[in-house]
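The structure appears right after this line, and notes come after that.
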Amino acid sequence: MQRKQIGILGVIIVLLVGILVACGAPSGPSIKVREVWSRPAMMVAESEGSSEGGMGMAGTGAVFMTLSNEGKEADRLVGGRTDVAQVVEIHESVMEGDVMKMQMLADGLEIPAQGEVLLNPGGYHVMLIGMKQPLAVGDKFTVDLQFEKSGTITVEPEVREP
Amino acid sequence: MKRISGLALLLVAGLAACGGPSFRGSVLAEPVAVPDFTLTDQYGETFRLSDHQGNVVLLFFGYTQCPDVCPTTLATWRKIHEALGEDAGRVRFAFVTVDPERDTAERLGLHVNAFNPDFIGLTGAQDELDAVYDTFDVYYEKDTSSGSAAGYLVNHTATTFVLDPDGRWRLRETFGMEVDDVVHDIRQLLD
């Protein structure tokens with residue numbers, strides 16, 4: 000074979016490999032959500048003075064799941080909405096010694112490229128604030144999860160006893 | 000001969016002393032005689048610790064709007080209650096609020112009794128509560144910084160405190176404790 004032909008062949012091979020590698024993973028983020036479950040939650044009817052206590056006075060809930068990102072770019076879970084509660088926020092529980100601290104993640108939660116993030120008791124959770132209805136084991140409801148890049152992904156948590 | 004038998008007796012006594020109960024939770028170096036206290040339960044009735052002599056008492060400090068840690072603990076308690084079977088009658092599970100502003104007796108009842116009708120939810124006047132927080136060195140802190148729609152969240156000690164039937168604080172069971180371990184420890188205290 001002539002050098003030129005080898006050169007062109009080489010370039011073609013490189014391009015093919017490049018395309019194959021690129022096809023192996025989406026160029027942007029690619030979020031998959033699985034094992035979504037929720038705790039039962041109580042709803043307390045509005046009572047006197049409850050507005051001073053924040054929206055959580057009607058009750059709060061927690062939704063857990065496994066989030067994986069099969070893409071090449073990170074994404075962030077930034078919020079959500081649901082018909083069963085007034086507000087949806089992303090929270091983290093952190094143990095410091097024997098004290099549990101809970102905080103809202105205002106910037107949401109990063110799901111790294113080719114990574115997986117678990118939301119489970121004692122760690123990250125999607126918090127439901129101001130329940131509009133109670134949640135009992137066996138109930139069905141949906142949550143529209145909001146991702147920075149991937150947009151909305153709707154999930155149906157299974158309400159169960161942990 | 001006398002000296003040898005004396006030493007032998009000491010040895011036996013020493014071994015006997017070492018053969019005490021073994022616990023899986025964190026044992027206090029010295030049991031603490033808990034000062035008697037009164038709080039109010041979810042039915043508006045007075046709860047006096049000394050009324051429960053003869054029972055093992057589990058105490059946890061949390062609040063009803065806590066979506067994660069507190070329900071997790073109550074769920075674990077529910078499994079412990081089940082695993083104890085008949086012995087559960089000699090154990091008291093009491094959830095004390097660190098958020099008396101929002102946790103009325105009614106809210107506490109709805110919350111804890113959703114897990115088990117025998118669970119006790121406690122609140123009270125601030126000085127009554129402070130006395131109990133003090134005894135167990137309970138840390139709690141209102142956190143308004145995160146801007147959550149819940150208004151404020153409360154950071155708090157997540158340990159379960161275990162008192163023996165004589166009203167002495169004996170053990171700490173950390174958050175995330177295993178049901179089997181706690182059941183084991185409770186049985187040791189009941190014997």
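Here the protein sequences come in this chain order: L and B.
Take the first sequence: its position 20, counting from 1, is numbered 19 in numbering that gives the first Met the number 0, and each next residue is one higher.
Take the second sequence: its position 5, counting from 1, is numbered 4 in numbering that gives the first Met the number 0, and each next residue is one higher.
Each residue gets a CB set at the ideal place from its N, CA and C atoms; glycine is no exception.
CA-to-CA distance, residue j to residue i, given in whole angstroms
i	j	result
I12 (chain L)	I5 (chain L)	10 Å
M103 (chain L)	Q145 (chain L)	15 Å
V142 (chain L)	A82 (chain B)	35 Å
E115 (chain L)	L8 (chain L)	39 Å
W36 (chain L)	A32 (chain B)	42 Å
Y62 (chain B)	S147 (chain B)	16 Å
P99 (chain B)	G123 (chain B)	7 Å
K131 (chain L)	V158 (chain L)	16 Å
A154 (chain L)	V32 (chain L)	Note that residue 154 (chain L) is Val in the sequence shown here, rather than Ala. Going from the Cα of V154 (chain L) to the Cα of V32 (chain L) covers about 8 Å.
V56 (chain B)	L189 (chain B)	11 Å
V83 (chain L)	V90 (chain B)	36 Å
H90 (chain L)	R80 (chain L)	15 Å
L128 (chain B)	G129 (chain L)	27 Å
L121 (chain B)	K71 (chain L)	51 Å
V161 (chain B)	A28 (chain B)	14 Å
A24 (chain L)	Q113 (chain L)	9 Å
F114 (chain B)	E109 (chain L)	33 Å
Assigned secondary structure, residue i (DSSP; H/G/I helix, E/B strand, else coil)
i	result
I104 (chain L)	Note that residue 104 (chain L) is Leu in the sequence shown here, rather than Ile. In the structure shown, L104 (chain L) sits in coil (DSSP, three-state: anything other than H, G, I, E or B).
S21 (chain B)	coil
A32 (chain B)	strand
D193 (chain B)	Any answer about residue 193 (chain B) is impossible in this case: the structure gives chain B only from 0 up to 190.
R167 (chain B)	strand
G78 (chain L)	strand
A82 (chain B)	helix
S49 (chain L)	Residue confidence is low: S49 (chain L) scores 49 on pLDDT, short of 50, so the model does not pin down where it sits. Its coordinate-derived value is still stated next. Helix, per DSSP.
G6 (chain L)	helix
T103 (chain B)	coil
Q41 (chain B)	coil
Q187 (chain B)	helix
E55 (chain L)	Note on residue identity: the sequence assigns Gly, not Glu, to residue 55 (chain L). Three-state DSSP puts G55 (chain L) in a helix.
Y132 (chain B)	helix
R33 (chain L)	strand
G108 (chain B)	helix
Cβ-based burial, residue i [other Cβ within 10 Å; buried from 16]
i	result
G43 (chain B)	exposed
A61 (chain L)	buried
E88 (chain L)	buried
T96 (chain B)	buried
P116 (chain B)	exposed
I173 (chain B)	Note that residue 173 (chain B) is Thr in the sequence shown here, rather than Ile. Looking at its Cβ environment, which holds fewer than 16 other Cβ atoms inside 10 Å, T173 (chain B) is exposed.
L14 (chain L)	exposed
G175 (chain B)	exposed
I185 (chain B)	buried
Q125 (chain B)	exposed
A105 (chain L)	exposed
S92 (chain L)	buried
Closer than 7 Å between beta carbons: that is the criterion. Which residues of the region 57-82 of chain L meet it against chain B? Cβ contacts with chain B come from T59, G60, A61.
If contact means a Cβ-Cβ distance below 9 Å, which residues of the region 145-175 of chain B contact chain L? Only S145, G146, S147, A148, A149, G150, Y151, L152, V153, N154, H155, T156, A157, T158, R171, T173, F174, G175 from the region 145-175 of chain B bring a Cβ to less than 9 Å from some Cβ of chain L.
For the region 70-80 of chain B against the region 72-83 of chain L, are there 3 or more C-beta pairs whose distance is under 8 Å? Counting C-beta pairs with one atom in each stretch, the region 70-80 of chain B and the region 72-83 of chain L have fewer than three that are closer than 8 Å, which means they do not touch.
Just checking, does the region 91-105 of chain L make contact with the region 65-72 of chain L on the three C-beta pairs under 8 Å criterion? No contact exists between the region 91-105 of chain L and the region 65-72 of chain L.
Return the residues of the region 128-143 of chain B that lie within a Cβ-Cβ distance of less than 9 Å from chain L, sorted by chain order. Y138, Y139, E140, D142
Are the region 42-56 of chain B and the region 134-150 of chain B touching by the rule of at least three beta carbon pairs closer than 8 Å? no
Counting only Cβ-Cβ distances shorter than 9 Å, please list the residues of the region 102-123 of chain L near chain B, keeping chain order. Q102, M103, L104, A105, P120, G121, G122
Compile a chain-ordered list of the residues in the region 124-136 of chain L whose CB is closer than 8 Å to at least one CB of chain B. H124, M126, L127, I128, G129
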